[in-house]
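Heads up, the sequence shown is in this note's numbering, so the first residue is 62 and it goes up one at a time.
All residues carry an ideal CB built from backbone N, CA and C; glycine is no exception.
Here's the structure we're looking at; comments come further down.
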Amino acid sequence: MAKQLSVRIDDELEELIQKEQDEVPYDVPQSEIVRTALREHLSGNATAAKTVVAD
Numbered sequence: 062m063a064k065q066l067s068v069r070i071d072d073e074l075e076e077l078i079q080k081e082q083d084e085v086p087y088d089v090p091q092s093e094i095v096r097t098a099l100r101e102h103l104s105g106n107a108t109a110a111k112t113v114v115a116d
């Protein structure tokens with residue numbers, strides 16, 4: 062079952078998404094980029110993932 066999440070992205074993340082879209086010769090929806098990045102991060106496949114720890 063799929064769920065829809067509403068998230069805010071900052072300017073830096075928006076620039077990274079735009080850079081990713083510009084690097085491929087076809088149209089990639091932002092949602093697909095975010096889903097792929099989240100899936101890779103959560104499955105431990107992200108190469109430069111940072112873990113955020115709350116104080």
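- For a cut-off of 8 angstroms, the C-beta gap from ILE94 to GLU81 is around 5 angstroms, short enough to register as a contact.
- Taken through DSSP and simplified to helix, strand or coil, ARG100 comes out as helix.
- A check of alpha carbon separations from VAL68 across GLU101, MET62, SER92 identifies SER92 as the nearest.
- Straight-line spacing of the CA atoms in HIS102 and ARG96 works out to 10 angstroms.
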